[in-house]
Amino acid sequence: MARRIYIAGHRGMVGGAILRRLEARKAAGEDLDLITRTHAQLDLTSQAQVRDFMQTERPDVVILAAAKVGGIHANNAYPADFIYENLMIECNVIHQAFAAGVTRLLQLGSSCIYPRAVPQPMREDALFTGPLEATNEPYAVAKIAGIKLCESYNRQHGVDYRSVMPTNLYGPGDNFHPQNSHVLPALIRRFHEAAAEGRGSVTIWGSGRPMREFLHVDDMAEASLFVLDLPKAVYDANTEPMLSHINVGSGSDLSILDLAHMVARVTGYTGRIETDPSKPDGTMRKLMDVSRLAAMGWRARIGLEDGLQDTYRWFLDHQNTLRS
């Protein structure tokens, strides 16, 4: 009998990459029944809709990649939306999956769960060791709640619900909105437009000194399925009941200014790059400790510049359909 897998958020960047990997497995002969719903078909913030969906479809596995996401500007402008929608999605999907008999679930979180001032690289046990970064605290609280939901259902009900915490993701399907996107797609769009218009300079937010780590979404999809497929004994041996999440990252970082120069090369921009220290920097460094995942046998394989080339090609192919 086919294994029924529901991918929540399949139209998002990460969910779409996971779906592509699963479709490739199915095409290769794996017996899978892949279940998806658009937001118009299923509102994950509606308890009644999610309950009816889970009871009707009865998936064997749930991959929770759906979330409301955005960069510093969006998190500052819409904090209530970010905490409410993400909490509702997690509560509804995780609880209703349990109520429908789902014993295996994978939840995707975010590196923003870790405190602002934390030793680098960030280990899984850094959770709850200090205050969160103020610019995205509501979103981070919701993502922490998702981890604890999974752990609590595991402890009380004996299910196998797992959580992976990715670093900054990028790649095909990213959000390139000029105000509400994350730093990397925002830079790609800004430098592309500057090159096309022949601008003499481009100004980036902040000092350019913060260090950031980036992971291609195809690597994230592979890592997610790797963790999902781990035998329970292996997963349990490398985690703890109340510290069960696993970091996913590339294991290396670079400054925002260096990233801007790399994006300029990829997009063909040759003008000046200036900084605007009056804009917020956010956390000065965010690098994931990925030793736990490496010990289980997985490492990222896509280099940043190669990944940027791939992402820029996707942007060029789809720019006429992107939101302005």
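Using this note's numbering, read the sequence shown as starting at 374 and increasing by one per residue. No residue lacks a Cβ here, since even glycine has one placed at the ideal position from N, Cα and C. Only a predicted model underlies this, so the values are computations on that prediction, with no experimental measurement involved.
- About 4 Å separates the Cβ atoms of Glu458 and Lys441, confirming a contact at the 8 Å cut-off.
- Counting every other CB atom within 10 Å of its CB across the protein chains shown gives Asn693 a total below 16, marking it as exposed.
- Here the region 583–602 lies against the region 532–543, with 3 or more beta-carbon pairs under 8 Å apart.
- Contact between Val537 and Leu616 does not hold, since their C-beta atoms are separated by about 14 Å, which reaches or exceeds 8 Å.
- Going by beta carbons, Thr643 and Ala559 fall outside the 9 Å limit.
- Met657 sits away from Pro539, with the two beta carbons spaced by 9 Å or more.
- Burial is judged here by how many other beta carbons sit within 10 angstroms of a residue's own beta carbon; Gln469 has at least 16 and is buried.
- The beta carbons of Leu407 and Leu415 sit about 15 Å from each other, so the pair does not count as a contact at 8 Å.
- The beta carbon of Ala499 sits closer than 6 Å to those of Tyr487 and Val491, all from its chain and outside the five residues before and after it, given in chain order.
- Apart from the 5 residues on each side of it in sequence, Thr409 sits with its Cβ closer than 6 Å to the Cβ of Ile380 and His383 in its chain, given in chain order.
- Among the bridge pairs identified by DSSP, Ala381 is matched with Leu437.
- Note on Val621: 16 or more other CB atoms within 10 angstroms of its CB, so buried under the neighbour-count rule.
- The C-beta separation of Leu601 from Arg535 comes to about 7 Å, placing the pair in contact by the 8 Å criterion.
- Excluding sequence positions up to five before and after Pro511, its CB lies within less than 6 Å of the CB of Pro452, Phe455 and Ile456, all in the same chain and listed in chain order.
- Under the three-state reduction of DSSP output, Thr429 falls in the helix class.
- In this structure, Leu660 sits away from Met427, with a CB-CB distance that is not shorter than 9 Å.
- Cα atoms of Glu570 and Asp404: separation of roughly 50 Å, rounded to the nearest angstrom.
- Per DSSP, Pro539 is one residue of the beta strand (DSSP E) stretching across Asp533 to Pro539.
- Taken through DSSP and simplified to helix, strand or coil, Thr694 comes out as helix.
- Secondary structure at Glu510: helix, using DSSP grouped into helix, strand and coil.
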